[in-house]
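This report concerns only the one structure given below.
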Amino acid sequence: MFPNRRECQNPIATPSDSLWLGFTQMGDHESLSIASGEGCWLTTTDGQRLFDGVSSLWCNLHGHRHPRLDAAIRAQLDRVAHVTTLGMSGETTQQFAAALVAKCPGALAHAFFSSDGASAVEAAIKMALQYWRQCDRPRPGKTRYLALGRAYHGDTTGGVSLGGIDYFHEIFSPLLFKPLRGPLPCSFRMPAGVTSSQAGEYYAGEIEVLLQEHHDSLAAIVMEPLVQGAAGMITHPVGFLGRVRELCDRYDVLLVCDEVATGFGRTGEMFACDHESVTPDILCLGKGITGGYLPMAATIATSTVYEAFLGQSHERRQFFHGHTYGGNPLAAAVAIASLELFDELDDHDDDLLTRVRTNGTHLRRRLSELAERPGVADLRGRGLMLAMELAAPTRSLQPLNPEFDRAQRVCRACLGRGLWIRPLGNVLVIMPPLIASRDELDWVVDVVAESLGEVDAL
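Written out as structure tokens, the structure is:
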């Protein structure tokens, strides 16, 4: 018998008890509550200062309480806080759409807004499906998707379906569709006999084998370009992305690039696709789109895709998708301000992307000192999107047993020293705000080094 509503109430509930955190075991969670932030630093409710070493889940670009971003939101509040994008839109949202597509690769020209990265991917896969029903040569049989090994594209039903995280599929399999699963194009653990210079072509060859057999049923390849974030910062071999673009063109399959994590300067270019001069048919953006301030995401299509949805209202060709807060003007206002900061020069006449490249090189060089230690299997990533994979404290490169929580213990030791980072399994993610100073980055490396030493001494 179910208890009634009064019996379910918790008369001693506290604010921390009331909040259910994502990807967090609440049964043994030790509360960590943030009261304020400034620059790259957060302050807890009990007064501890923490360096935000994961950019508040990879989205904070310009630091907390940036005066330009704060001012943009305040100014927009004096105009209007929200306008729907179903049948109308706000002036600020229109301005941001124009500014955003001007930054995007190639012929990407039409932005569809939602509220988070997973929703951007969900929109993309529906957009691709509807496109093949309405394009000049309709092929309604193209209903499947190809996704990479260990892919992660968010936690919506479509995103989890595309994903290659085994545990998610064990839990949610009754809800999911089954994609065609491609290789994991890893630059670290490669097949026997494959060299670094051959890896891009090798993995592209595996993709081509799948396209040769299944292209008639494939609507799109969906992939994170260059770095697969939640997979453990798996870094793709050079040239792989460009070859996938060529294969999509050859076999008439759309290319959807999920740059929710890699977009907005994180890899040292505005978008990861820029490293190989690739224009996807559909680009998914989120996380850093507002500089880490407000929920917003975008699914951006080429004119070729967009025009398949044009017609008269009675033809019912419009995109059958839309969310209440998609294109929110407050988010659009701060997103415009964030884009403007990429173009400004500092005292050394460097723009933000130049600083990301130089500081990313410096951070990688400093972390490479730790990579020589026993128990550090690999250092990888691009720009200010770096990670260290831990192994058992020997020279073995074998992956750690999932129950061996060395990375979690290192993160707890870092927390005690004032550095907030979160592991991905046995991978330490180092992903500071793009504005982190050279001194702050050196301090981060020193703290990680001390914490590794503390854990290995136990």
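Residue numbers (the numbering used here): 429 to 886.
All C-beta atoms, glycine included, are put in the ideal place defined by N, C-alpha and C.
None of these values were measured; they are calculated from a predicted model.
Given a threshold of 16 other Cβ atoms within 10 Å of its Cβ, counted over all protein chains shown, does residue i qualify as buried or as exposed?
i: I764; result: buried
i: W486; result: buried
i: V872; result: buried
i: R565; result: exposed
i: W448; result: exposed
i: S483; result: buried
i: S461; result: exposed
i: D709; result: buried
i: T452; result: exposed
i: Y595; result: exposed
i: P431; result: Note that P431 scores 44 on pLDDT, short of 50, meaning its location in the model is unreliable; the coordinates nonetheless yield the value given after this. P431 comes out exposed.
i: F457; result: A small fix is needed here, since residue 457 is His in this sequence, not Phe. Burial call: exposed.
i: E831; result: With a pLDDT of 43 at E831, under the threshold of 50, the predicted position of this residue should be treated as unreliable, and no value is reported.
i: Q640; result: exposed
i: H494; result: buried
i: Q558; result: buried
For residue i, I'd like the list of residues in its chain whose CB is within less than 8 Å of its CB, leaving aside the five on either flank, ordered along the chain.
i: H642; result: R572, L574 and L608
i: R794; result: L869, D870 and V873
i: G750; result: T513 and L514
i: E743; result: none
i: S624; result: S615, M618 and P665
i: S446; result: none
Taking 9 Å as the threshold (C-beta atoms), are residue j and residue i in contact?
i: T707; j: A503; result: no
i: R810; j: V655; result: yes
i: G465; j: T471; result: yes
i: M813; j: G657; result: yes
i: E687; j: C712; result: yes
i: T520; j: P757; result: yes
i: G545; j: K715; result: yes
i: M618; j: A632; result: no
i: V681; j: L646; result: yes
i: I858; j: G467; result: no
i: L489; j: L769; result: yes
i: I599; j: Y580; result: no
i: G610; j: L638; result: yes
i: R792; j: L807; result: yes
i: R422; j: G670; result: Outside the displayed span of the chain (429 to 886) sits residue 422, for which this structure offers no information.
i: G803; j: L880; result: yes
Return the chain-ordered list of same chain residues with a C-beta closer than 6 Å to the C-beta of residue i, the five sequence neighbours on each side being excluded.
i: L497; result: G719, Y721, V762 and A765
i: M651; result: L576
i: V875; result: C842, R845 and L847
i: H538; result: A729 and Y734
i: H510; result: N756
i: G582; result: G545, A546 and V549
i: I662; result: C614 and Q656
i: Y630; result: V622
Among the options, which has the Cα closest to the Cα of residue i?
i: H703; options: A627, F668 and R678; result: F668
i: R840; options: E878, D775 and P861; result: E878
i: P568; options: A579, R578, M555 and Y580; result: M555
i: I553; options: F596, V684 and I462; result: V684
i: A759; options: L478, R477 and A500; result: A500
i: L805; options: L781, H776, A835 and T782; result: Per the sequence presented here, residue 805 reads as Ala, with Leu not at that position. Among L781, H776, A835 and T782, the Cα nearest to that of A805 belongs to A835.
i: P653; options: C614, G621 and D644; result: C614
i: L798; options: I717, H776, L856 and T752; result: L856
i: H492; options: G881, E882, D884 and P860; result: P860
i: G691; options: S731, D775 and L528; result: L528
i: S517; options: L505, T752 and T786; result: T752
i: A725; options: A530, F524, L638 and S459; result: F524
i: L675; options: G455, A648 and R477; result: A648
i: R745; options: W469, R561 and Q476; result: R561
Sort out for me which residues DSSP pairs residue i with in a bridge.
i: M813; result: R810
i: I649; result: L574 and L683
i: L818; result: V804
i: A537; result: Note: A537 sits in no beta bridge, so no partner.
i: A725; result: S542
i: Q656; result: I662
i: G465; result: L470
i: L847; result: F479
i: T730; result: L536
i: R609; result: A575
i: V855; result: E817 and L852
Identify, in the order they occur along the chain, each residue of the same chain with its Cβ nearer than 7 Å to the Cβ of residue i, setting aside the five sequence neighbours on each side.
i: L886; result: none
i: G754; result: T513, F541, S542 and S543
i: F605; result: S589
i: C563; result: A736
i: H790; result: R866 and L869
i: A551; result: F540, S542, T727 and H749
i: E882; result: A841
i: V508; result: G518 and P757
i: Y679; result: L639 and H643
Check the Cβ-Cβ distances between residue i and every residue of chain D, and say whether any is below 9 Å.
i: L514; result: Included in the structure is just one protein chain, with no chain D present.
Mind checking whether the beta-carbon of residue i lies closer than 8 Å to any heavy atom of the ligand GTP?
i: L791; result: You won't find the ligand GTP in this model; it holds no ligand whatsoever.
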